[in-house]
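Take 185 as the starting number for the sequence shown in the numbering used here and just add one per residue. Please read the structure below before turning to the comments.
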Amino acid sequence: MKTGASYLRYAAAAVFLAAAAWTLAFFIGREQSPETVRAERAEVRISIVAEGTVWRRETVLVCDDAGAYLAHKPGDRVSGGSVIAVENSVLDDYLTHLELSGGAQPDKGEMRGLTYAPEAGIFSTFVDGLEACSLEEVSSAEPFIPQGAVGKIVSGGWYFIAETPETDKLRRGMSVTVSLPDEVSATVISAENGKAVLRCRDGLEDVVNTRRAAFRITVSEAQGIKIPDKALHRDGDGAFVYVLRAGIAERCKADILHTGDGYVLVREGEIREGMQIIIDSY
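What follows is the structure, encoded as structure tokens:
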């Protein structure tokens, strides 16, 4: 037993001396201590940058008078049956009706030359000819703007058809956040072959006049230890870093959670906050 214990002590001492000798040689070879950085705990948002098409339920409004008077401003929320456009030939009659009725609008069919909102929604004067397209068609359809178009009513059903090479980070049913730059919640409907379809839960008034947009899709948030990517090494056993402890370089396994621009986020374990990570290249 004593012989075995002595052997273990000798072996441990040999390992320590070898590590110390290696570290000393490492320092002498550089004529200075290695450059290190303190390991810091961090939280990062894992996101995808994409560009794509906005689709929503929308109905184009037409009027025979190209210079018709608009009863609502772009961006106004209107109720179904609201008067949107008034032909100039009946404008005086329309204004007189409002004055005599205390602001009550004419019923449908009561006065000619009026264009009504077919349903409640947001009024917009942005018409690009893709309003009648289905979700499947909108990315590739040829635009067609009806003659006499004066605007449209956007009634909801917001979707993004996102183009990104990172669809592997998305899966059907996943909840994500879309930044436009305002953030809205969305659900992944499909994601494959460089295209993802997202359904938004909120109305997107900020993009009511937009068909193509660049946006960021936040997939998740992760917490861990953030270290420079140049401190990371790999071999047959996986990723690892060297930390400087009591003047000795020690190898620590790196369980990577996320790779960012110039850094990696690793799970806190062998690598802990406050450790001195060696970033000299070996």
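Just so you know, even glycine gets a beta-carbon here, dropped at the ideal spot from N, CA and C.
Secondary structure of E434, DSSP reduced to three states: The answer is strand: DSSP assigns E434 an E or B state.
Residue(s) in a DSSP beta bridge with S359: For S359, which the question treats as bridged, DSSP gives the partners T371.
Residue interval of the beta strand (DSSP E) (run including H281): Segment 275-284 is the alpha helix (DSSP H) holding H281; no beta strand (DSSP E) there.
Among A415, S318, V368, nearest to V221 - alpha-carbon criterion: Nearest of A415, S318, V368 to V221, Cα basis: A415.
Residue span of the beta strand (DSSP E) that contains G420, given as start and end: Where G420 is concerned, there is no enclosing beta strand (DSSP E), given that its DSSP letter is neither H nor E.
Inter-stretch contact (C-beta, 8 Å, three-pair minimum) for the stretch 284-304 and the stretch 422-442: Result no; under three Cβ-Cβ pairs closer than 8 Å.
Span of the beta strand (DSSP E), counted from its first residue to its last, around I329: Premise fails: I329 is in no beta strand (DSSP E) and is neither H nor E.
Sequence-distant residues of the same chain with beta carbon closer than 6 Å to K410, five excluded per side: Here the set comprises E224, A226, Y447, L449.
Cβ distance (whole Å) where A288 is taken to contact V270 below 8 Å: Between V270 and A288 the Cβ distance is about 15 Å, and since that is not below 8 Å, they are no contact.
Straight-line gap, A316 to T243 (C-alpha atoms, nearest Å): The alpha-carbon atoms of A316 and T243 are separated by roughly 7 Å.
Beta-carbon proximity check, A375 vs L354, cutoff 7 Å: For A375 and L354, yes; Cβs fall inside 7 Å.
Run of the beta strand (DSSP E) containing F307, from where it starts to where it stops: Per DSSP, F307 belongs to the beta strand (DSSP E) from 305-308.
Backbone CA spacing between I461 and S217 [nearest angstrom]: Straight-line measurement puts the Cα of S217 at about 12 Å from the Cα of I461.
Beta-carbon proximity check, V391 vs V238, cutoff 7 Å: Judged by beta-carbon spacing, V238 lies within the 7 Å limit of V391, meaning their Cβ atoms are closer than that value.
Chain B contact for V362 (CB, 7 Å cutoff): Among the chains in the structure shown there is no chain B, since it carries only a single protein chain.
Residue from L382, V427, I329, I345 with nearest C-alpha to L245: Among L382, V427, I329, I345, the Cα nearest to that of L245 belongs to I329.
Where K257 sits in the DSSP three-state scheme: Correct three-state label for K257: coil.
Cβ-based burial, A398 [other Cβ within 10 Å; buried from 16]: Counting every other CB atom within 10 Å of its CB across the protein chains shown gives A398 a total below 16, marking it as exposed.
Near the ligand ATP: E347 beta-carbon under 6 Å from a heavy atom: Absent from the structure shown: the ligand ATP. Ligands present: none.
Neighbour-count burial assignment, A380, 16 or more Cβ in a 10 Å radius: Result: buried.
Per DSSP, cross-strand counterpart(s) of E227: As DSSP reads the structure, E227 sits in a beta bridge with Q407.
Cα-Cα separation between Y426 and S404, rounded to whole angstroms: For Y426 and S404, the distance between alpha carbons rounds to 29 Å.
7 Å Cβ cutoff met for V311 and K292: In this structure, V311 lies away from K292, with their beta-carbon atoms at least 7 Å apart.
Supposed close pair T402, V360 - CB separation, criterion 8 Å: About 6 Å separates the Cβ atoms of T402 and V360, confirming a contact at the 8 Å cut-off.
Three-way DSSP call (helix, strand, coil) for A415 in this model: Note: A415 maps to helix in three-state DSSP.
Three-state secondary structure assigned by DSSP to T348: Note: T348 maps to coil in three-state DSSP.
Between the CA atoms of V262 and E303 - distance to the nearest angstrom: A direct Cα-Cα distance of roughly 8 Å separates E303 from V262.
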